[in-house]
Amino acid sequence: MSNLINLLEDPNRFDSFCRNFHWSFPWWVNYLKLIGFVILIWWSILLIALIFKIREDLPPEEKLEKWRKLLAKKQYSNKISYLWQDAEKKLSSDNSIDWQIALNEITKVFREILKKMKLPGRRVENKIVNLINFQFFQVDDLLATYQFSVKLSELPFDSSLNESEHKKIKQAIETYRLFFHWLELI
574 MSNLINLLED PNRFDSFCRN FHWSFPWWVN YLKLIGFVIL IWWSILLIAL
624 IFKIREDLPP EEKLEKWRKL LAKKQYSNKI SYLWQDAEKK LSSDNSIDWQ
674 IALNEITKVF REILKKMKLP GRRVENKIVN LINFQFFQVD DLLATYQFSV
724 KLSELPFDSS LNESEHKKIK QAIETYRLFF HWLELI
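Under this note's numbering, the final residue of the sequence shown carries the number 759; numbering is consecutive throughout.
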């Protein structure tokens with residue numbers, strides 16, 4: 574005990590004691606510690622990878638149900654039902670600017686929902702194509718609708734839309750309605 578007090582009283586002695594003190598394990602114990610540490614890191618990485626793999630490998634039906642619950646929780650159904658009422662009002666008018674605005678608003682919500690679904694792919698078109706894996710039966714129509722919506726949104730709003738464009742806008746809105754119905758949002 575007195576040696577410890579002497580060490581603590583004299584800072585130079587304590588410092589030299591700390592510098593010279595080391596554990597004297599046999600060499601093989603240090604290697605075992607290193608191997609154990611590497612194995613621990615390896616299993617940690619495998620566990621994290623397994624957690625993400627389990628999360629991604631849900632069957633399509635379960636993933637679809639998960640999306641439906643997520644979107645219902647986020648109150649998208651209220652937003653979309655309001656959007657559809659507004660779109661129907663705009664489509665009942667003869668003003669083609671209202672038609673374009675309605676389609677643009679629906680397309681914005683569509684993009685937002687695809688983002689929340691976390692489908693693979695960076696671009697919206699790639700995400701739409703990946704809906705094939707989830708038994709959405711009108712992927713080609715949805716892709717054409719989205720491309721038409723983007724093309725139409727790049728044009729300036731004017732009232733000089735021809736009859737075929739009016740028909741395409743109605744078809745586009747109907748395709749979006751089917752998609753939202755598939756997700757049970759309307």
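Glycine included, each C-beta is placed from N, C-alpha and C at the ideal position.
Secondary structure remark: continuous alpha helix (DSSP H) runs of at least 4 residues inside the stretch 608-694, in chain order: 633-646, 649-665 and 669-690.
In this structure the stretch 730-740 touches the stretch 663-680; the number of beta carbon pairs closer than 8 Å is three or more.
Distance from the CA atom of I618 to the CA atom of L607, rounded to whole angstroms, is 17 Å. Annotation: L728 is outside any alpha helix (DSSP H) and is labelled neither H nor E by DSSP. A straight line joining the alpha-carbon of A622 with that of W616 spans about 10 Å. CA-CA distance, D667 to K743, rounds to 13 Å. Here Y655 is exposed: its Cβ has fewer than 16 other Cβ atoms, across all protein chains shown, within 10 Å. Residue state for Q720 is assigned as helix, using DSSP reduced to three classes. Relative to F683, the option among W657, K663 and E661 whose CA is nearest is W657. Taking C-alpha positions only, Y749 is separated from S726 by approximately 16 Å. For E757, the closest alpha carbon among the candidates N699, K642, I701 and D659 is that of K642.
With contacts defined by Cβ atoms closer than 8 Å, Y719 and E685 do not form a contacting pair. With 16 or more neighbouring CB atoms inside 10 Å of its own CB, K663 falls in the buried class.
In chain order, A660, L664, A675, L676 and I679 place their CB closer than 8 Å to the CB of I746, counting only its own chain and leaving out the 5 sequence neighbours on each side.
In the three-state scheme derived from DSSP, where H, G and I count as helix and E and B as strand, Q744 is classed as helix.
Between V702 and L716, the CB-CB gap stays under 8 Å.
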